[in-house]
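Student:
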């Protein structure tokens with residue numbers, strides 16, 4: 124977050140670094156909630172006049188009331204993932220020494236996880252959409268891991284430990300998301316219910 | 045890998061240019077532009093309308109915009125001012141008073157994040173403006189240029205804002221103990 128020029132003229136001390144950490148974490152959370160509330164394709168189409176990508180018409184929104192407990196459990200896990208990603212997801216924090224391009228993908232993961240969490244909680248995702256979000260999250264995690272491996276190789280000694288920490292974190296999250304995949308898909312199985320589709324907030 | 049890194053970094057640094065990149069910038073910057081306005085006290089709907097207005101204006105002159113991030117923030121702020129009344133000096137700047145009137149999307153935030161946001165938006169307008177640009181990674185010179193003031197004024201406002209934030213957050217922490 125901090126532009127390097129500021130550290131010079133503000134004469135940073137420990138309390139400043141602590142304040143920056145708290146700001147960065149809060150800002151990352153705020154960004155995730157904002158992203159989750161947006162329909163970027165619709166906004167873009169309103170400006171450019173180009174048609175927005177259409178969701179599959181035949182999708183059925185079929186999470187039954189018997190799955191409420193499992194939805195809660197899954198969305199809580201997704202929320203926890205976002206909170207773990209929190210300090211990393213603002214690409215302008217500059218707090219993760221040695222980490223650069225990989226943050227773009229990590230930030231995108233946080234935003235996709237927010238979409239998945241809210242979409243499931245509000246039952247406005249179809250099985251196809253949930254599967255696509257799951258696929259995109261895994262894809263972005265895989266991309267970030269590739270970049271993190273390169274950043275780790277190039278990092279100077281002091282930064283290398285920090286990059287390794289981020290790698291471990293991303294690896295854990297990747298594993299967690301992989302495990303959630305089948306549970307999310309099971310939400311749509313055999314429920315026999317087709318919930319009313321709620322409008323996507325714009 | 046190198047190509048992927050270059051693309052990702054160019055988006056992060058706001059160096060993507062050209063008509064074809066409007067979509068890329070929109071998707072990367074639109075949520076951040078809303079956050080920028082929310083850091084200055086805008087509600088989610090106000091911020092969203094102002095950000096959309098800024099991008100609509102930018103689209104018509106995209107080729108001539110040298111620094112999209114700075115341009116968008118300037119125009120979005122103007123759009124927001126056009127539609128909202130921003131109190132110059134909030135009468136009560138305690139964290140609690142701001143939390144009571146917090147934007148609806150803050151419900152999603154953790155308690156810690158809500159506390160920090162409440163403290164941030166309780167700052168006087170000038171300090172909030174400087175802090176919002178500081179958070180978005182702008183340099184002192186860029187902030188001065190953006191706000192049309194001397195860099196000394198930026199430094200002074202930033203110093204005061206950060207001192208006040210530390211005090212507000214420390215007080216809040218002590219009250220919670």
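Residue numbers (my numbering), protein chains in the order written: chain A, 124 to 325; chain B, 45 to 221. Note that beta-carbon positions come from the ideal geometry of N, C-alpha and C, so glycine has one too.
Measure from the C-beta of residue 198 of chain A to each C-beta in chain B and report whether the shortest distance is under 9 angstroms.
Tutor: So no, residue 198 of chain A is outside the interface.
Student: Where does the unbroken alpha helix (DSSP H) through residue 155 of chain A begin, and where does it stop?
Tutor: Start and end: 137–159.
Student: Could you tell me whether any Cβ in chain A is nearer than 9 angstroms to the Cβ of residue 109 of chain B?
Tutor: Answer no: the Cβ-Cβ gap between residue 109 of chain B and chain A never drops below 9 angstroms.
Student: Helix, strand or coil: how does DSSP classify residue 327 of chain A here?
Tutor: The shown model of chain A, from 124 to 325, leaves out residue 327 of chain A, and the question about it has no answer.
Student: What ranges does the alpha helix (DSSP H) occupy inside the region 85–122 of chain B, keeping only unbroken runs of at least 4 residues that lie completely in it?
Tutor: As far as the region 85–122 of chain B is concerned, its whole alpha helix (DSSP H) runs of at least 4 residues are 88–104.
Student: Whose C-beta lies closer than 6 angstroms to the C-beta of residue 296 of chain A among residues of the same chain, with five residues either side of it excluded?
Tutor: Hits under 6 angstroms: 204.
Student: List the residues of chain B that residue 260 of chain A touches, going by C-beta distances under 8 angstroms, in chain order.
Tutor: In chain order: nothing, as chain B lies at least about 17 angstroms away.
Student: Run through DSSP, which three-state label would residue 214 of chain A get?
Tutor: At residue 214 of chain A the pLDDT is 47, less than 50, meaning the model places this residue with poor confidence and gives no usable figure here.
Student: Is the shortest distance between the beta-carbon of residue 152 of chain A and the beta-carbons of chain B less than 9 angstroms?
Tutor: Output row for residue 152 of chain A: interface = yes.
Student: Taking contact to mean at least 3 C-beta pairs separated by less than 8 angstroms, is the region 194–211 of chain A in contact with the region 291–305 of chain A?
Tutor: Yes, the region 194–211 of chain A touches the region 291–305 of chain A.
Student: Hey, is residue 160 of chain B's beta-carbon within less than 9 angstroms of any beta-carbon in chain A?
Tutor: Chain A, which has a Cβ nearer than 9 angstroms to the Cβ of residue 160 of chain B, makes this yes.
Student: Give a yes or no on whether the minimum CB-CB distance between residue 256 of chain A and chain B is below 9 angstroms.
Tutor: So, not an interface residue.
Student: Can you grab the Cα-Cα spacing for the pair residue 255 of chain A / residue 233 of chain A, in whole Å?
Tutor: Those two C-alpha atoms are separated by around 15 angstroms.
Student: Does the beta carbon of residue 145 of chain A sit closer than 9 angstroms to a beta carbon anywhere in chain B?
Tutor: For residue 145 of chain A, the answer is yes, since a Cβ of chain B falls inside 9 angstroms of its Cβ.
Student: Would a check of beta-carbon distances place residue 87 of chain B closer than 9 angstroms to chain A?
Tutor: With 9 angstroms as the cut-off, residue 87 of chain B does not count as an interface residue toward chain A.
Student: Can you tell me whether DSSP reads residue 152 of chain B as helix, strand or coil?
Tutor: Residue 152 of chain B falls in the helix class under three-state DSSP.
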